[in-house]
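In this text, residue positions in the sequence shown follow our numbering: the first is 387, and each later residue adds one.
Built from N, CA and C at the ideal position, the CB exists for glycine as well.
Everything on this sheet refers to the single structure shown next.
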Amino acid sequence: MSDTIAAISTAIGEAGIGIVRMSGENSLDIADKIFRGSKVDSLKRAKNRRLTYGHIVDFNTEEIIDEVLIVYMKKPYTYTRENMVEIYCHGGIISVKKILELLLETGARLAEPGEFTKRAFLNGRLDLAQSEAVIDVIRAKTEKSFNVSLDQLEGSLSNKIKEIMTILLEMIAHIEASIDFPEDDVEDLAYDELREKAIIVKQEIEMLLNTSDRGKILRDGLNTVILGKPNVGKSSLLNAILRENRAIVTNIPGTTRDVIEEYVNIDGIPLRIVDTAGIRSTEDLVEKIGVDKAKEMVDESDLVIAVFDASDRLTDEDYEIIDIIKNKNSIILLNKTDLPNKYDETYLKKLLPNKEIIITSIVKGLGLNKLEDTIKDMFYSGELEVESDVIVTNIRHKNQLVKAKKNMEDGIEGIDLNMPLDCIEVDVKSCWENLGEISGDTVGEDILDKIFSEFCIGK
Ligand code: GDP
C-alpha cells in the first residue's frame with residue numbers, strides 16, 4: 387500500500403495534451419529526478435498545488451523528453467489522499483509513454499486498473515458507491531445519466547443508504563436493550579416500535595428498488611433491436627435515427643467481426659442499438675442470423691422496433707416476426723406508407739393487440755417524431771415516471787437492495803410471530819450488512835478487487 391503508483395490518465399491517441407499521474411509517499415522524490423524546471427532547480431521548491439513549467443529529461447543522459455507543466459499536490463487534500471504528482475505533457479503516444487517509463491524506472495510501480503480510486507476509497511475520501519460512480523461519470527452516454535452519476539459521486543445514494551442503516555442501528559440497539567432488561571411490558575413495546583421501523587426500512591428500500599429499472603437504462607442504454615424482413619426499411623430507419631440523435635459509437639471487442647454499438651440519445655434516454663450482422667447490410671437480420679438467434683436477441687433486448695412494409699402483403703417472414711415480438715416491449719412501424727397501400731392495418735392490430743402501431747414513411751421522414759415520442763412515453767410511463775432524487779443505476783447495488791429487502795421481510799414476519807428478539811436481530815443485522823456492502827462499510831476484499839478491476843488504468 388505504501389508504494390507509489392503511476393499511470394497515464396488520459397486516453398491514448400492524438401490529443402493536445404496527455405496527463406501522467408502518480409500517487410504515493412515518494413511521488414515528489416520520483417518526479418524530482420526527471421524534472422528540470424526553468425525557474426526552480428528542484429520540484430521540491432515548487433509551490434504546493436501550483437503548476438510549474440519545465441522539462442522532463444532522461445535522468446541517465448539529461449536528454450529532453452518533453453516540455454511540460456507539472457504539479458505537486460501534498461497529502462491529504464488530493465484525490466487519493468496521498469501525495470500526488472501530475473505531469474501535463476504533449477498528447478499522443480510517445481511522450482506520455484516515455485514519461486511513464488521514466489517514472490517506473492525511478493521507483494514508481496504501474497498502477498492497477500482503478501487503483502487511484504481504490505486508494506481514494508481505502509483512505510476514506512470516497513465510499514464505495516461514490517467510487518463506483520466515478521466510472522459511471524466517465525462512461526455516461528447522455529446528460530441525464532451523467533447527472534445521475536454525478537449525484538452519486540456527490541453521495542446522494544450513499545446518504546440515503548446511511549439514513550436507512552441508522553434506523554437499522556437504532557433497531558439493533560433497541561433489541562439489545564430489551565434483551566438486557568427483559569420485563570414483559572418493555573418487550574411488547576419493543577415489538578411495536580420494531581415493526582414500525584422495519585416497515586419504514588422496507589418501504590425505503592422498495593422506493594430505491596423501484597428506480598433501478600430506469601437506472602439501468604440510464605446507465606447502460608435501452609437495449610434496442612430493429613427487426614423486419616429484407617427491404618422494409620431497417621437501415622433507412624437506423625440511419626434516420628442516427629442522423630438526428632447519434633451519441634456514441636463503440637466497438638464491442640472480442641468478437642471476430644466487430645459488432646458496432648450505436649448510442650442514440652432520445653431526449654436523455656440512451657438507446658443502445660447493437661448493429662449486428664444484417665441491419666446495416668442489405669441482408670435481413672432474421673434471415674442471416676436465424677430465427678433462434680433473433681429470438682435470443684429479442685429476449686435480451688429492452689425494446690424491439692419491428693418494421694413492416696405497407697406496400698406489400700404480410701409474408702411468412704412477417705408472421706415469424708409477429709410471433710417473436712408478441713410478448714415483448716415493442717413498437718410496430720408500418721413503413722412505406724407513401725406507396726400504394728396493400729396492408730390491412732386493422733388486421734395487423736388484431737394480430738398484435740396492445741401494441742403501438744406507427745404509420746411511417748422513412749424516406750419522407752414521416753412518423754419518426756411519433757416514434758421518438760412513443761419511446762419516451764414507454765420509458766417515462768408508470769412507476770418510472772416518479773422523479774426520484776436518488777436513482778439506483780448499478781446492478782450490484784440493486785442486488786444488495788434485493789437481499790436487504792428480503793432480510794427486512796423476514797424480520798417483519800418474525801416480529802408478527804412474536805419470535806424471540808435475538809432471532810429478529812439476526813435479520814436486522816443481515817439487512818444492515820447487506821446495505822453496508824453498497825457504501826463499502828461491510829464489504830470484503832474480493833468484492834473490492836472485482837469492482838476496481840473494471841476501471842481503466844489511470845483512474
Ligand atoms: P432493410 O433491408 O430493411 O434495411 O431496408 P432498407 O432500409 O435498405 O430499404 C430498402 C429500400 O426501401 C431502400 O431502397 C429504401 O430507400 C426504401 N425505403 C425505405 N423506407 C421507405 C419508405 O418509407 N418509402 C419508400 N417508398 N421506400 C422506402
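Supposed contact pair residue 467 and residue 511 - C-beta distance, whole angstroms, cut 8 Å: 5 Å
N-terminal and C-terminal residue of the alpha helix (DSSP H) that residue 851 is part of: No statement about residue 851 is possible, as the shown extent of the chain runs from 387 to 845 and does not include it.
Residue 437 classed as buried or exposed, judged by whether at least 16 other C-beta atoms fall within 10 angstroms: exposed
Beta-carbon spacing of residue 761, residue 655 below 8 Å: yes
Cβ distance (whole Å) where residue 710 is taken to contact residue 619 below 8 Å: Actually they are not in contact, since the Cβ atoms of residue 710 and residue 619 sit about 18 Å apart, beyond 8 Å.
Chain-order list of residues whose beta-carbon lies under 8 Å from that of residue 609 (same chain, five-residue window excluded): 658, 660, 686, 687, 688, 689
Continuous alpha helix (DSSP H) assignments of at least 4 residues falling wholly in the stretch 684-748: 702-711, 731-737
Proximity test, residue 620 beta-carbon vs the ligand GDP heavy atom, cut-off 7 Å: yes
Endpoints, the beta strand (DSSP E) within which residue 609 is located: 608-613
Inter-stretch contact (C-beta, 8 Å, three-pair minimum) for the stretch 478-496 and the stretch 410-419: yes
7 Å CB neighbourhood of residue 542 in its chain, flanking five on each side removed: 775, 776
Same chain, Cβ closer than 7 Å to residue 520, neighbours up to 5 away in sequence not counted: 503, 539, 845
Helix, strand or coil at residue 617 according to DSSP, with G and I counted as helix: coil
Cross-strand partners of residue 475 (DSSP beta bridge): 404
In DSSP terms, what residue 656 is bridged to: 651
Neighbourhood of residue 484 by C-beta distance below 7 Å, restricted to the same chain and skipping five residues each side: 451
Rounded separation between residue 836 and residue 701 - CA only: 49 Å
Sub-8 Å separation of residue 798 and residue 584 beta-carbons: yes
Beta-carbon separation (whole angstroms), residue 601 vs residue 778, contact threshold 8 Å: 5 Å
C-beta contact flag for residue 557 and residue 812 at 8 Å: no
DSSP three-state assignment for residue 501, whether helix, strand or coil: helix
Check whether residue 488 and residue 444 have beta carbons under 8 Å apart: yes
Cβ-heavy atom distance, residue 546 to the ligand GDP, below 7 Å: no
Span of the alpha helix (DSSP H) around residue 807: 807-825
Those residues which DSSP pairs with residue 452 across a bridge: 442
Cβ-Cβ distance between residue 816 and residue 514 below 8 Å: no
Per-residue burial, residue 481 [other beta carbons within 10 Å of its own, 16 or more giving buried]: buried
Contacts around residue 591, its chain only, beta-carbon distance under 6 Å, and the 5 residues preceding and following it disregarded: 787, 790, 791
Residues that residue 393 bridges to, as DSSP identifies them: 407
Cβ shell of residue 477 (< 8 Å), same chain only, five flanking positions each side left out: 396, 399, 400, 401, 402, 403, 404
Test item: CB-CB of residue 605 and residue 531 under 8 Å: yes
Supposed close pair residue 691, residue 738 - CB separation, criterion 8 Å: In fact, because the Cβ distance is near 13 Å, the residues do not count as touching under 8 Å.
Element boundaries [alpha helix (DSSP H), containing residue 797]: 781-802
Rounded Cβ spacing between residue 821 and residue 551 (contact assumed at less than 8 Å): 5 Å
Cβ-heavy atom distance, residue 749 to the ligand GDP, below 7 Å: yes
Any non-hydrogen atom of the ligand GDP closer than 7 Å to residue 452 Cβ: no
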